[in-house]
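Reviewing the structure listed below.
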Amino acid sequence: MIARQTIRLLLFGLFSLPLTTAQAAMPSPEPYMLVRSMRMLQDQVASGKPEALPMLNRVLGHIAAQLQMAKPEVWSKPANVYAIFIYLLNGGNPQVVRTILTSANLGQVDPKLVAGSLAYADGDTLRIIENFQELPPNVPIELVASIYLVTATQLAGIDAGTALKRLDYIRLNAPGTLLEEAALRRGLMIAARLGDKDKVRLMARNYLQRFAFSPYSEDFFRQLVDALMVFKDKISNAEIEEMASLAWPGARLPFYLRLARGAIVDGDMGRARFASQQAEALSTALKTDDTQARLYLAVSNVGSDKTGEAKAMLSQLPKDRLHGRDVELMEAATTMANKILAQPIPAMVGPQQASAAESSRAAAGAGRAETTPIETLDPMIDETRKKLDAIDALLGKARK
Numbered sequence: 158m159i160a161r162q163t164i165r166l167l168l169f170g171l172f173s174l175p176l177t178t179a180q181a182a183m184p185s186p187e188p189y190m191l192v193r194s195m196r197m198l199q200d201q202v203a204s205g206k207p208e209a210l211p212m213l214n215r216v217l218g219h220i221a222a223q224l225q226m227a228k229p230e231v232w233s234k235p236a237n238v239y240a241i242f243i244y245l246l247n248g249g250n251p252q253v254v255r256t257i258l259t260s261a262n263l264g265q266v267d268p269k270l271v272a273g274s275l276a277y278a279d280g281d282t283l284r285i286i287e288n289f290q291e292l293p294p295n296v297p298i299e300l301v302a303s304i305y306l307v308t309a310t311q312l313a314g315i316d317a318g319t320a321l322k323r324l325d326y327i328r329l330n331a332p333g334t335l336l337e338e339a340a341l342r343r344g345l346m347i348a349a350r351l352g353d354k355d356k357v358r359l360m361a362r363n364y365l366q367r368f369a370f371s372p373y374s375e376d377f378f379r380q381l382v383d384a385l386m387v388f389k390d391k392i393s394n395a396e397i398e399e400m401a402s403l404a405w406p407g408a409r410l411p412f413y414l415r416l417a418r419g420a421i422v423d424g425d426m427g428r429a430r431f432a433s434q435q436a437e438a439l440s441t442a443l444k445t446d447d448t449q450a451r452l453y454l455a456v457s458n459v460g461s462d463k464t465g466e467a468k469a470m471l472s473q474l475p476k477d478r479l480h481g482r483d484v485e486l487m488e489a490a491t492t493m494a495n496k497i498l499a500q501p502i503p504a505m506v507g508p509q510q511a512s513a514a515e516s517s518r519a520a521a522g523a524g525r526a527e528t529t530p531i532e533t534l535d536p537m538i539d540e541t542r543k544k545l546d547a548i549d550a551l552l553g554k555a556r557k
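Numbering of the sequence shown is given in the numbering used here, commencing with residue 158 and proceeding in unit increments.
Here you go:
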């Protein structure tokens, strides 16, 4: 209780005065207290408090100044040394920490923690993994969680199962913190590559229930879409809709737009149609522009029995409301629709076949082969399809 009150007083003093005045007026707390104040603010950032992020930037600068002025005897206490590791791994100034680690007497701390932290400050991925592969006993949970988080992505390329277990450790031991928020985001793609659909759904649900207003939620949705692309039809539209329903409508709209674009890139027009229809409905409910949703819906229908409707929709879209890559996509899809609608119905033999052809004309409109799969069309379309594939590749880069 006393420690928490001290931290609150520290934050109040820091933000009620100019930085230089606060430094002069306040006593210098020990590094572990400073880092606790940083972690408290980070957790407020994760919960979506808008004032916490700019405050956090000031705290990081304040801590850097305090660490530089710390007396040598401060580093004889392991709690303070562990604190500067946590500070570094959570956005702290690497140069300040490097100076301390290379000049202070840190005999009570395991050398691998020092080496791994210096490797992190230097951006040396191999040395980070090497020194942080096995952690010494009695390391604070908060430091263990920080180390597991910063090494998860690199470790996933070597041992995805262990990387995911380490992220699970963070979720279990640091609930409600920015560490858990980041662990959920980073775990989505690892779980997807391991084929663990239930884990992806669990992490998505936990994130949306706990961190829906995090400033990093856009990255979460980007990771979620990428994970869904891995599963393809192994995850149903109903399951996707169930996950998305936990987000507020303003977040669901860009999610479905990103999912529709990703499905187009992946060639999954059924999924693209579902996502774009969801996005169009949300645009109507939110009374916002639906041009992008209608574009993806039209593209998803090119080559189906609704090619004529898709072409008409594409012709009505205002280009000035689309990004450049989407304008190119619209033009390529229009060209494709024109090629499809220009294909003659193949000659058939016998009255039954003739009747079927006549029925197809009536259903699809003059000059349109309703049921002819796009794969059976003549080579005239190949060049246009290649152009569409190139546009899809651009969209794929944009969503990463």
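Built from N, CA and C at the ideal position, the CB exists for glycine as well. Note that this is a predicted model, so its numbers are computed, not measured.
* Just mark residue 188 as buried or exposed, buried being the case when its beta carbon has 16 or more other beta carbons within 10 Å. => Numbered from its first residue, the sequence shown carries residue 188 at position 31. Buried, since its Cβ has 16 or more Cβ neighbours within 10 Å.
* Member of 483, 441, 495 and 204 whose CA lies at the smallest distance from the CA of residue 373 -> Taking the first residue of the sequence shown as 1, we reach residue 373 at position 216. Answer by Cα proximity: 204.
* Asked: Quick one: Cα of residue 349 to Cα of residue 446, how far?
  -> The residue given as residue 349 occupies position 192 in the sequence shown. The residue given as residue 446 occupies position 289 in the sequence shown. Taking the straight line joining both Cα atoms gives about 32 Å.
* Asked: According to the Cβ coordinates, are residue 361 and residue 400 closer than 8 Å?
  -> Position 204 of the sequence shown holds residue 361. Position 243 of the sequence shown holds residue 400. Yes, Cβ-Cβ distance for residue 361 and residue 400 is below 8 Å.
* Asked: In terms of residues, what are the limits of the alpha helix (DSSP H) holding residue 317?
  -> Mapped onto the sequence shown, residue 317 falls at position 160. Here the alpha helix (DSSP H) through residue 317 covers 317-330.
* Expected contact under 8 Å - CB spacing of residue 345 and residue 321 to nearest Å -> Here the question's residue 345 lines up with position 188 in the sequence shown. Here the question's residue 321 lines up with position 164 in the sequence shown. That belief does not hold up - the Cβ atoms of residue 345 and residue 321 are roughly 10 Å apart, past 8 Å.
* Is it the case that the Cβ atoms of residue 479 and residue 470 are separated by a distance below 8 Å? -> Counted from its first residue, the sequence shown places residue 479 at position 322. Counted from its first residue, the sequence shown places residue 470 at position 313. No.
* Can you name the start and end residues of the alpha helix (DSSP H) that residue 192 belongs to? -> On the sequence shown, position 35 is the one that residue 192 refers to. Here the alpha helix (DSSP H) through residue 192 covers 188-203.
* May I have the straight-line CA-CA distance separating residue 508 from residue 500, to the nearest angstrom? => For this step, residue 508 is matched to residue 351 along the sequence shown. For this step, residue 500 is matched to residue 343 along the sequence shown. Because residue 508 carries a pLDDT of 48, less than 50, the predicted location of this residue cannot be relied on, and the following value inherits that uncertainty. Cα to Cα, residue 508 sits roughly 22 Å from residue 500.
* To do: Just mark residue 337 as buried or exposed, buried being the case when its beta carbon has 16 or more other beta carbons within 10 Å.
  => Counting from 1 along the sequence shown, the entry for residue 337 is found at position 180. Buried, since its Cβ has 16 or more Cβ neighbours within 10 Å.
* To do: Return the Cβ separation of residue 224 and residue 241 in integer angstroms, given the expectation that the two are a contact with Cβ distance under 8 Å.
  => Taking the sequence shown and counting its residues from 1, one reaches residue 224 at position 67. Taking the sequence shown and counting its residues from 1, one reaches residue 241 at position 84. With a Cβ gap of about 7 Å, residue 224 and residue 241 count as contacting.
* To do: Could you check if residue 199 is buried or exposed, using at least 16 other CB atoms within 10 Å of its CB as the buried criterion?
  => For the purposes of this step, residue 199 is taken as residue 42 along the sequence shown, with counting starting at 1. It is buried - the Cβ of residue 199 has at least 16 other Cβ atoms within 10 Å.
* Between which two residues does the alpha helix (DSSP H) containing residue 383 stretch? -> Stepping through the sequence shown from its first residue, residue 383 is reached at position 226. Looking at the DSSP string, the run of the alpha helix (DSSP H) that includes residue 383 is 374-388.
* Asked: Starting from residue 423 and walking both ways along the alpha helix (DSSP H), at which residues does that stretch end?
  -> Counting from one through the sequence shown, the residue named residue 423 turns up at place 266. In the DSSP assignment, residue 423 falls within the alpha helix (DSSP H) that extends over 406-423.
* To do: Mind the definition here: the region 380-390 touches the region 416-426 only if three or more C-beta pairs lie below 8 Å; say whether that holds.
  => yes
* Asked: According to DSSP, is residue 211 helix, strand or coil?
  -> As a position in the sequence shown, residue 211 is number 54, starting the count at 1. Here residue 211 sits in helix by DSSP.
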